[in-house]
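Residue numbers (the numbering used here), protein chains in the order written: chain P, 1 to 347; chain H, 1001 to 1235.
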């Protein structure tokens, strides 16, 4: 056997499986090969892998969008195309071609972002598989959420991206719900399940990096994904004669160590009482009732629908919370699309 | 050959879920799931290739990112009869990205190894063993640096065989050479690489190799000598 053949045989076997000592003249080559092969002991980090996948899929979604706009319409879609084209023509007349061109690249937070979203809606309607298109768009906006949180861009970039993500998630779920059971539906369900697992991961990671108002909407989004989140059903604020205010919070999912925030600043730690009731004492200057919210140690944040202020023993009219919003519950989420054996919580 | 269990996992995965051909076909239409499948399947190979060429985790991640984004851009034109051919196509993109990286570096004089490369957190698989990280990096850092001094063919055969784990038959197919030629090429490449590494004072066994290679030289035919000179670094 030639030296080339001997070396080739030795390279084919991992070091630990090599039997006898190799020929002395081949030892330096094997040692060099083994050192080169030690690169296999490294691997890309999970964080890098996840980010790159999101970035790649978002890039693919953008390319697909451009391709769809340029593609020739198929004959059988003429009626739908004509209707949508009429709408698009009106938009063009109203806004100008230049505005639409700019809108195509409008990022979350940009003035034309809503127009971009409208354009995506049109594209999804034209797509042969609108559910898949919605999932692709959701991936795109999930990446945008992650980026906005990492760059601490805050509102409106973060909130625009989060809203777009939730809309596309809901659209995808709705699309699946309307499909008859089939292999394609199962495939779509698997894609949506994987997407939602990634949404949970990204949104959890975003919490420490965003401000308290965005934490409220992010917490609501996590709740819609099936994550256990805090809920506040009522907040009652009453004053005493010494100028301090007693805040009684009723709710569930409130963790030990949860704090009360007033305009995003921690003003008191909540102490658990009985029956889902929590109490904190705050100073008079912190008692701006319109902006009292509860924040768990994991940064999940909840706001009450309203705050009751009790003054002098007389119940005042409940003050609607300035930051409370009706929790968006997309219609299709009533239909579970996650298989019983999987969990939305990826972590 | 690659580890048997790894090959079986790859082939089983394609056949159980979808054939490679159908996955590629869907990926050409920018289907998210298909692209994700290809990404997860080939991420490590591309990363290892980039590590073998650059020797630095940050730079390897940059090249890996550029490679997969370029894959999306050009996948509509990808023509691969099987996953091996596709991987070769993808690694060709990675090779071009590495070349672009070196051209950019040549345009602005910076050190190939970033100042923080030894201080950065290790790749995930090594996070629990800091000493292991240092040892592993010492293992391949000087070897990958020397690798850049080989010819393109020599680098390719060593990366395919030693880093990516292809067997001789697979490398022969990818490089469109006969298996015998690949065995000869890899022998010369490893010999050259060992000499280069030893020249940096890290391989004490070089004395044995040089004595052996002299005796082989005396038995070479003129044609073999011409081939050997053609394979020398820099040609």
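Idealized CB from N, CA, C, for every residue including glycine.
query                                                                                                                       : result
Rounded C-alpha distance that separates residue 222 (chain P) from residue 294 (chain P)                                    : 16 Å
Amino acids of chain H, ordered along the chain, whose beta-carbon sits closer than 8 Å to that of residue 32 (chain P)     : 1143, 1190, 1193, 1194, 1197 and 1203
Chain P residues whose Cβ lies nearer than 7 Å to that of residue 1183 (chain H)                                            : 4, 5 and 8
Outcome for residue 86 (chain P) when other beta-carbon atoms lying within 10 angstroms are tallied against a minimum of 16 : exposed
Three-state secondary structure (DSSP) of residue 229 (chain P)                                                             : coil
Minimum length 4: unbroken alpha helix (DSSP H) runs contained in the stretch 156 to 229 of chain P                         : 157 to 177, 183 to 206 and 212 to 224
7 Å Cβ cutoff, residue 177 (chain P) in contact with chain H                                                                : no
Whole-angstrom C-beta distance between residue 213 (chain P) and residue 146 (chain P), which should lie under 8 Å          : Rounded, the Cβ-Cβ distance is 19 Å, inconsistent with contact.
Three CB pairs or more closer than 8 Å across the stretch 1184 to 1204 of chain H and the stretch 54 to 62 of chain P       : no
Selected residue, minimal CA-CA separation from residue 286 (chain P), among P:252, P:89 and P:264                          : P:264
Members of the stretch 1164 to 1178 of chain H near chain P, C-beta cut-off 9 Å                                             : 1164, 1165, 1167 and 1168
The stretch 43 to 54 of chain P in contact with the stretch 1152 to 1163 of chain H per 3-pair CB rule at 8 Å               : no
Pairwise C-alpha distance: residue 233 (chain P) and residue 257 (chain P)                                                  : 19 Å
Simplified DSSP assignment, three categories, for residue 112 (chain P)                                                     : coil
Residues of the stretch 118 to 141 of chain P with Cβ closer than 8 Å to any Cβ of chain H, in chain order                  : 132, 135, 136 and 139
Check: residue 30 (chain P) C-beta below 6 Å from any heavy atom of the ligand SAM                                          : The ligand SAM is not part of the structure shown, which contains no ligands of any sort.
Nearest neighbour of residue 309 (chain P), chosen from P:292, P:46 and P:296 [CA to CA]                                    : P:292
DSSP state of residue 254 (chain P) mapped onto helix, strand, coil                                                         : coil
Alpha-carbon to alpha-carbon, residue 1167 (chain H) and residue 5 (chain P)                                                : 13 Å
Cα-Cα separation between residue 944 (chain H) and residue 1080 (chain H), rounded to whole angstroms                       : The structure shown has nothing for residue 944 (chain H), since chain H only spans 1001 to 1235.
CB contact flag (residue 1026 (chain H), residue 1034 (chain H), <7 Å)                                                      : yes
Distance, residue 3 (chain P) Cα to residue 22 (chain P) Cα                                                                 : 11 Å
Where residue 1166 (chain H) sits in the DSSP three-state scheme                                                            : coil
Residue 141 (chain P) versus residue 173 (chain P): straight-line alpha-carbon distance, rounded                            : 16 Å
At least 3 beta-carbon pairs within less than 8 Å: the stretch 37 to 47 of chain P vs the stretch 123 to 133 of chain P     : no
Chain P within 7 Å of residue 1123 (chain H), Cβ atoms only                                                                 : Residue placement at residue 1123 (chain H) is poorly supported in this model, since its pLDDT is 45, which falls under 50; the coordinates still yield a value, given next. So yes, residue 1123 (chain H) belongs to the interface.
Cβ-based contacts, 8 Å cut-off: residues of the stretch 1032 to 1052 of chain H near chain P                                : 1032, 1033, 1035, 1036, 1039, 1040, 1043, 1044, 1047, 1048, 1051 and 1052
Where the alpha helix (DSSP H) through residue 1078 (chain H) begins and ends                                               : Element bounds for residue 1078 (chain H): n/a, residue is neither H nor E.
Bridge-paired residues (DSSP) for residue 278 (chain P)                                                                     : P:249 and P:272
Chain P residues whose Cβ lies nearer than 9 Å to that of residue 1099 (chain H)                                            : Result: empty, since nearest Cβ-Cβ is about 19 Å, beyond 9 Å.
Residues that residue 147 (chain P) bridges to, as DSSP identifies them                                                     : Bridge partners of residue 147 (chain P): none, in fact.
Beta-carbon proximity list for residue 243 (chain P), same chain, < 7 Å, skipping 5 on both sides                           : 284
Residue 1185 (chain H) beta carbon less than 7 Å from that of residue 1146 (chain H)                                        : no
Paired residues, beta bridge with residue 1151 (chain H) - DSSP                                                             : DSSP, once it has assigned bridges, lists no residue as partnering residue 1151 (chain H).
Candidates P:307, P:252, P:298 and P:136: closest to residue 262 (chain P) by CA position                                   : P:307
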